[in-house]
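**Q**
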Ligand code: ADP
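Shown next as structure tokens:
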């Protein structure tokens with residue numbers, strides 16, 4: 132059963148009357164709890180790479196003299212530092228999104244440009260993981276919002292698709308209109324990777340939730356990528372859909388309200404004709 136948090140205060144007394152204000156604080160309390168959890172998680176997540184870097188540095192200081200070992204430690208320090216950098220950037224991004232002022236000045240966003248930019252940013256990753264990147268679908272679609280944020284969302288989905296795939300598999304991004312509602316743009320990122328068990332599918336959008344912590348960490352994951360995607364979608368009035376089966380792959384679809392070209396009349400959905 133949900134709890135109910137009522138705040139009652141005497142707001143004024145005068146001329147033989149007492150004004151009492153009762154306010155439902157349930158929602159406010161929930162926000163407070165979430166913020167407290169978030170801060171606890173953030174400090175835990177930040178401590179891990181910082182601890183690892185300190186330990187590695189101490190080991191070198193204590194006199195690791197084999198150059199091969201020193202190089203190995205330096206490489207691991209660089210990897211942890213990189214993860215720390217991504218983590219800090221994502222925490223900032225997420226708090227901006229949660230403040231809700233991320234979309235203060237919406238603009239027309241060209242989906243073609245978003246996809247091209249997101250693909251550019253993950254190309255090196257895909258090459259070193261030997262994952263083939265392909266894209267296709269309808270061109271010229273637009274949404275209203277923040278191009279940088281939509282690009283970040285698509286990039287996070289591509290990053291994950293590559294991260295949780297085996298070499299010599301394919302990751303594709305496809306753009307189209309929703310067959311049942313031509314006012315919705317669908318951007319689908321499809322992989323042939325490890326997939327996500329049914330029981331975890333709801334939870335992967337939570338901050339810092341990972342199905343396999345070791346694999347996420349080893350590949351530079353922060354556990355924040357999908358919660359950022361979810362917030363970007365919500366801020367644009369859209370949603371994220373997930374289909375996945377372990378061993379068969381995953382499809383994450385960003386669904387956003389379409390910005391219609393000027394003068395174009397609403398179409399009757401094909402399904403209704
Ligand atoms: P991370 O930085 O760990 O990838 P995300 O928030 O992006 O964090 O994703 C949360 C978790 O969801 C991941 O740790 C992983 O277990 C799972 N996941 C996300 N995308 C995929 C995918 N394409 N294939 C398999 N598992 C995925």
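In UniProt numbering, the protein residues as written are 132 to 404. Glycine included, every Cβ here is placed at the ideal spot set by N, Cα and C. Here the structure is a predicted model, which means the values were calculated and not measured.
(1) Is the beta carbon of residue 252 within less than 8 Å of some heavy atom of ligand 1?
(2) Measuring alpha carbon to alpha carbon, tell me which of 159, 301, 241 and 222 ends up nearest residue 387.
(3) Roughly how many angstroms lie between the CA atoms of residue 357 and residue 338, to the nearest whole one?
(4) With a CB to CB cut of under 6 Å and the five nearest residues on each side skipped, what residues in its chain are close to residue 328?
(5) Just to confirm before moving on: does the CB-CB distance between residue 306 and residue 267 stay below 9 Å?
(6) Compute the Euclidean distance between the alpha carbons of residue 150 and residue 144, then round it to the nearest angstrom.
(7) Flag this pair as yes or no: are the beta carbons of residue 322 and residue 296 separated by less than 9 Å?
(8) Nearest CA to the CA of residue 375: which residue from 155, 299, 163 and 324?
(9) Sorry if obvious, but does the Cβ on residue 364 come closer than 8 Å to a heavy atom of ligand 1?
(10) With H, G and I counted as helix, E and B as strand and the rest as coil, what does DSSP make of residue 216?
(11) For residue 326, tell me which candidate among 236, 313 and 302 has the shortest Cα-Cα distance.
(12) Answer yes or no: the CB of residue 177 versus the heavy atoms of ligand 1, is any distance below 8 Å?
(13) Do you know offhand how far residue 379's Cα is from residue 299's?
(14) Any heavy atom of ligand 1 inside 8 Å of the beta-carbon of residue 353?
(15) Starting from residue 383, trace the beta strand (DSSP E) both ways and give me its first and last residue.
(16) I need the straight-line Cα distance from residue 161 to residue 155, nearest angstrom please.
(17) Determine the burial state of residue 334: buried for a count of at least 16 other Cβ atoms within 10 Å of its Cβ, exposed for fewer.
(18) Count the other C-beta atoms from every protein chain shown that fall within 10 angstroms of the C-beta of residue 228, then say buried if there are 16 or more, exposed otherwise.
(19) State the CB to CB distance for the pair residue 293 and residue 253, rounded to an integer number of angstroms; the pair is presumed to be in contact (CB under 8 Å).
(20) May I ask you to report which of helix, strand or coil DSSP gives residue 356?
(21) Please determine, among 172, 365, 291 and 206, the residue with the shortest C-alpha to C-alpha distance to residue 250.
(22) Verify whether the separation of the beta carbon atoms of residue 281 and residue 320 is less than 9 Å.
(23) Taking only three categories from DSSP, how would you classify residue 170?
(24) Please report the residue range of the beta strand (DSSP E) in which residue 265 lies.
(25) Considering residue 246, what are the terminal residues of the alpha helix (DSSP H) in which it resides?
(26) So what does DSSP say about residue 285, is it helix, strand or coil?
(27) Starting from the Cα of residue 348, find the closest Cα among 196, 212, 365 and 166 and give me that residue.
**A** A quick look at the data gives this:
(1) The residue labelled residue 252 in the question sits at position 121 within the chain shown. Checking the Cβ of residue 252 against ligand 1 gives no.
(2) In the chain shown, residue 387 corresponds to position 256, counting from 1. Comparing Cα-Cα distances from residue 387 to each of 159, 301, 241 and 222, the minimum goes to 241.
(3) Here the question's residue 357 lines up with position 226 in the chain shown. Here the question's residue 338 lines up with position 207 in the chain shown. Cα-Cα distance, rounded: 8 Å.
(4) Stepping through the chain shown from its first residue, residue 328 is reached at position 197. The answer, listed in chain order, is 377.
(5) The sequence position of residue 306 within the chain shown is 175, counting from 1. The sequence position of residue 267 within the chain shown is 136, counting from 1. It is a contact, given that the beta carbons lie within the stated cut-off.
(6) To locate residue 150, count along the chain shown from 1; it is residue 19. To locate residue 144, count along the chain shown from 1; it is residue 13. The alpha-carbon atoms of residue 150 and residue 144 are separated by roughly 6 Å.
(7) Here the question's residue 322 lines up with position 191 in the chain shown. Here the question's residue 296 lines up with position 165 in the chain shown. In this structure, residue 296 lies closer than 9 Å to residue 322 by Cβ.
(8) As a first step, residue 375 must be located in the chain shown, where it is residue number 244. Here the closest residue by C-alpha is 324.
(9) Sequence index remark: in the chain shown, residue 364 carries index 233 (1-based). Residue 364: no, Cβ never under 8 Å from ligand 1.
(10) By 1-based counting over the chain shown, the position of residue 216 is 85. If DSSP states are grouped into helix, strand and coil, residue 216 belongs with the helices.
(11) By 1-based counting over the chain shown, the position of residue 326 is 195. Among 236, 313 and 302, the Cα nearest to that of residue 326 belongs to 302.
(12) Numbered from its first residue, the chain shown carries residue 177 at position 46. Residue 177 Cβ: outside cutoff for every heavy atom of ligand 1.
(13) Here residue 379 refers to the residue found at position 248 when the chain shown is read from its first residue. Here residue 299 refers to the residue found at position 168 when the chain shown is read from its first residue. Looking at the two C-alpha atoms, the distance is approximately 14 Å.
(14) Here residue 353 refers to the residue found at position 222 of the chain shown. Correct: residue 353 has its Cβ closer than 8 Å to ligand 1.
(15) Start at 1 with the first residue of the chain shown, and residue 383 comes out as number 252. It spans 380-388 - the beta strand (DSSP E) in which residue 383 sits, taken as one unbroken run.
(16) Your numbering for residue 161 matches position 30 in the chain shown. Your numbering for residue 155 matches position 24 in the chain shown. Distance between the alpha carbons of residue 161 and residue 155: 11 Å.
(17) One-based indexing of the chain shown puts residue 334 at position 203. Residue 334 is exposed by the Cβ-count criterion.
(18) Taking the first residue of the chain shown as position 1, residue 228 is located at position 97. Result: buried.
(19) Within the chain shown, numbered from 1, the residue matching residue 293 stands at position 162. Within the chain shown, numbered from 1, the residue matching residue 253 stands at position 122. Right, their Cβ atoms sit about 6 Å apart.
(20) As a first step, residue 356 is located in the chain shown; it is residue number 225 there, counting from the start. Residue state, collapsed to three classes: helix.
(21) Taking the first residue of the chain shown as 1, we reach residue 250 at position 119. Comparing Cα-Cα distances from residue 250 to each of 172, 365, 291 and 206, the minimum goes to 291.
(22) The residue labelled residue 281 in the question sits at position 150 within the chain shown. The residue labelled residue 320 in the question sits at position 189 within the chain shown. For residue 281 and residue 320, no; Cβs fall outside 9 Å.
(23) Along the chain shown, one-based indexing puts residue 170 at 39. Helix, per DSSP.
(24) By 1-based counting over the chain shown, the position of residue 265 is 134. Segment 263-268, the beta strand (DSSP E) holding residue 265.
(25) Locating residue 246 in the chain shown gives position 115, counting from the first residue. First-last of the alpha helix (DSSP H) with residue 246: 242-259.
(26) Reading the chain shown from its first residue, position 154 is the one you call residue 285. In this structure, residue 285 counts as helix in the three-state DSSP scheme.
(27) For the purposes of this step, residue 348 is identified with residue 217 of the chain shown, where counting begins at 1. Per the Cα distances, 212.
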